[in-house]
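To keep things clear, I will list the structure first and then write my remarks on it.
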Amino acid sequence: MLEFRDVTVFLGGVRILRNVNFHVNQADTVAMIGPNGAGKTTALRSVMGFTRMTGEILFDGRELSTIAPARRPGLGIGYAHEDRRLFSAFTVEENIVMPGQVAKFSAAELAHKLGRVYEILPELREMARRPAGSVSGGQGKMVALGRALMIGSRLIMLDEPFQGLAPALARRYSEALRALRDQDREVTLIITESNPKLLRKFADRALVLERGEVREGSLSDGKDAA
Amino acid sequence: MNTQLFALAIFDGVAYAALVFLVAVGLTLIFGVLQILNVAHGSFYAIGAYATASLGGMVFAAGFSPYLAFPLMLIVAVLVGIALGGLIEQFLLKRIYVKEGALQLLVTFAVFMILEDVQRLVWGVQPYFESSALQALGNIKVLGITYTVYQLIVLPCIALAVLICLRLFLRRTLSGKLILAVTEDREAATSIGIDADRVYLLTFIVGAALAAFGGALASATTSVVPGMGADMIVLSFAVVATAGLGQIEGAALTALLIGLGRSFAVYLMPELQVLVPYLIMLLVLLVRPQGLFGIAQARKI
Ligand SMILES: Nc1ncnc2c1ncn2[C@@H]1O[C@H](COP(=O)(O)OP(=O)(O)OP(=O)(O)O)[C@@H](O)[C@H]1O
Ligand SMILES: [Mg+2]
């Protein structure tokens, strides 16, 4: 459902990704592993259209370069940035529903999706009315996940969701991911992480990014990330 | 200074501040979202004034009610915002968002110069005076001073209404929320499907329409002459910089401060009248470079 074909990305004159090729099947849970600076974030940002790249990215058979970045979430792609990126001018709930409002979901659909988000992440309901600027970093990661769930009916990309989470919160987060997987077996998940152990429990597959190149990895041991 | 003179200075200041606010708030909105200091904003003000005075003249000469001036002002503001503001954003500014600030400033300055000539071509250099709206509402006596209802009550009420509506628009409507989201984080906004280009266009149209509305309202109180756009853009820059760039409520309070400063100067030190707004700005910026209400870091409006 998602395919990179010879994707090369330069940022500031440096080649970050070189001829990256990989294919992700629908309903897969893919762990994208790689050391800091390997280009994981760059790969996800390329799917969203935030990098200048050569090569092709196909989503459900469509070449993404023909689709403006702002229209890509409408294809059912939810993306949670590495650093949360919530809108502090709004409440937590407003942040979560906003992608749905932008996509012109009906009121019923909005309510349904929001209910689903709260089912998977019940703690968000408690902070629904709080200004998004006032939640902690870890809670912010939950909100960012909720926001990605709102629109990501086909593909959800989470960039280092566990980074900076206290162990208890990290456990909650992986529970939430498992709940999501239980609820929706069709959605495709791509999760980047520098520590593959965290994803061993629920990823089907590992892609290892190193020095701008991708290869198939395994989740059974941590060596691939070294 | 006796009580009457004091009250008079306050009335003058408030009426003037209301007009300055309408222009300044559009300027600060555009800066807050697009990060462009739009010199052509002064032209929107002047063209709003010219269009209202000349069209109003025709309408009233044909015997229509002077109260039609108010809907006319609104129509002029919306038209200037969409036609002029929309075109300028689409065909010029859109291309230079990624360029550096100095170049953007030069481009909007060039637009301003071109529009000055366009005004001369369309309306000539003779002054227009069309105060039917002001006269239709008559006078009111407060503290022994007779003042026009239009300036003492209508203008400040409109300014206040614009302030409240703009805040409600930004906070409560989806279009407004999209503007706030793009202002805070363009990439995050795009990644939830917000078309930032369209948000920029909308913001520029709203800002331009506010300036034109200010000009339309001002046309009833003064003669419309060449150069009024330049005067207003300089003054509203002073208000916006003093308040802190991108500060909406701050622009309202600062417009009041500067309006009052100017009107008191008229009575107390007439020779400083023109200078007072800039003295206030200089003083404030020396102490608080980010402006009275500016926050040093986060981008927000
Ligand atoms: N705008 C930019 N200009 C130049 N270089 C950049 C830019 N953005 C990122 N880079 C570089 O690209 C490389 C890959 O960055 P990227 O953020 O994709 O890595 P990552 O795998 O997500 O790393 P991390 O685990 O630290 O999040 C890094 O070396 C980074 O310094
Ligand atoms: Mg990263």
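The listed protein sequences derive, respectively, from chains A and B.
So the first sequence is numbered by my numbering: it starts at 1 and just counts up by one.
So the second sequence is numbered by my numbering: it starts at 227 and just counts up by one.
Even glycine gets a Cβ: it sits at the ideal position worked out from N, Cα and C.
{"Asked": "Under 7 Å from the C-beta of Ile420 of chain B: neighbouring residues of chain A", "Found": "Ala70, Val102"}
{"Asked": "Heavy atom of ligand 2 within 7 Å of Lys141 of chain A beta-carbon", "Found": "no"}
{"Asked": "Asn19 of chain A: CB within 7 Å of a non-hydrogen atom of ligand 4", "Found": "In the structure shown, ligand 4 is absent; the only ligands present are ligand 1 and ligand 2."}
{"Asked": "Proximal chain A residues relative to Thr416 of chain B, where beta-carbon distance stays under 7 Å", "Found": "Pro69, Ala70"}
{"Asked": "Helix, strand or coil at Gln516 of chain B according to DSSP, with G and I counted as helix", "Found": "coil"}
{"Asked": "heavy atom of ligand 2 below 7 Å from Thr66 of chain A C-beta", "Found": "no"}
{"Asked": "Chain-ordered chain B contacts of Pro99 of chain A [CB-CB under 8 Å]", "Found": "Ile418, Gly419"}
{"Asked": "Near ligand 1: Glu160 of chain A beta-carbon under 7 Å from a heavy atom", "Found": "yes"}
{"Asked": "Any chain B beta carbon closer than 8 Å to Ser218 of chain A", "Found": "no"}
{"Asked": "Beta carbon proximity, Leu389 of chain B to chain A, threshold 8 Å", "Found": "no"}
{"Asked": "Whole-angstrom C-beta distance between Gly78 of chain A and Ala148 of chain A, which should lie under 8 Å", "Found": "3 Å"}
{"Asked": "Buried or exposed by the 16-neighbour rule on C-beta atoms within 10 Å, applied to Leu245 of chain B", "Found": "buried"}
{"Asked": "Residue-level contact to chain B via CB, Ile96 of chain A, 8 Å cutoff", "Found": "no"}
{"Asked": "Exposure of Ala206 of chain A, with buried meaning 16 or more beta-carbon neighbours within 10 Å", "Found": "buried"}
{"Asked": "Every unbroken beta strand (DSSP E) within the stretch 298 to 337 of chain B, with a cutoff of 3 residues, ordered by chain", "Found": "none"}
{"Asked": "Close beta carbons around Leu461 of chain B, own chain, < 7 Å, minus the five adjacent residues each side", "Found": "Val246, Pro503"}
{"Asked": "CB contact flag (Ser153 of chain A, Gly76 of chain A, <8 Å)", "Found": "yes"}
{"Asked": "Length of the line joining the Cα atoms of Ile506 of chain B and Thr468 of chain B", "Found": "8 Å"}
{"Asked": "C-alpha gap between Ile521 of chain B and Gly476 of chain B, whole angstroms", "Found": "11 Å"}
{"Asked": "Sub-8 Å separation of Val249 of chain B and Tyr354 of chain B beta-carbons", "Found": "no"}
{"Asked": "Chain-ordered residues of the stretch 457 to 476 of chain B with a beta carbon less than 8 Å from chain A", "Found": "none"}
{"Asked": "Of the residues A:Gly49, A:Ile191, A:Arg116, the one placed nearest Gln183 of chain A, counting alpha carbons only", "Found": "A:Arg116"}
{"Asked": "Proximal residues of chain B, C-beta to C-beta of Met48 of chain A below 8 Å", "Found": "Thr416, Ser417"}
{"Asked": "Interface residues of the stretch 154 to 183 of chain A facing chain B [CB-CB below 7 Å]", "Found": "none"}
{"Asked": "Under 7 Å by beta carbon: chain B residues contacting Ile151 of chain A", "Found": "Ile418, Gly419"}
{"Asked": "Residue-chain proximity (Lys325 of chain B, chain A), Cβ-Cβ < 8 Å", "Found": "no"}
{"Asked": "Whole-angstrom distance between Gly402 of chain B and Glu279 of chain A, CA atom to CA atom", "Found": "With chain A running from 1 to 226 in the structure shown, residue 279 of chain A is simply not present."}
{"Asked": "Ala226 of chain A to Ala38 of chain A span [Cα, whole Å]", "Found": "Caution is warranted here: a pLDDT of 39 is assigned to Ala226 of chain A, below 50, making its placement in the model unreliable, and the coordinate value is therefore given only provisionally. Their backbone Cα atoms lie some 11 Å apart in a straight line."}
{"Asked": "Residue range of the beta strand (DSSP E) that includes Arg18 of chain A", "Found": "14 to 24"}
{"Asked": "Integer-rounded CB distance, given that Thr278 of chain B should sit under 8 Å from Val302 of chain B", "Found": "5 Å"}
{"Asked": "CA nearest to the CA of Ala233 of chain B, picked from B:Ser489, B:Arg346, B:Ala287", "Found": "B:Ser489"}
{"Asked": "Bounding residues of the alpha helix (DSSP H) (the contiguous stretch that carries Thr399 of chain B)", "Found": "Looking at the DSSP string, Thr399 of chain B is not in any alpha helix (DSSP H), and its letter there is neither H nor E."}
{"Asked": "Collapsed DSSP secondary structure at Gln230 of chain B in the structure displayed", "Found": "helix"}
{"Asked": "Contact between the stretch 187 to 194 of chain A and the stretch 150 to 168 of chain A (3+ Cβ pairs under 8 Å)", "Found": "yes"}
{"Asked": "Any non-hydrogen atom of ligand 1 within 7 Å of Gly37 of chain A CB", "Found": "yes"}
{"Asked": "Thr41 of chain A vs Thr8 of chain A beta-carbon contact at 8 Å", "Found": "no"}
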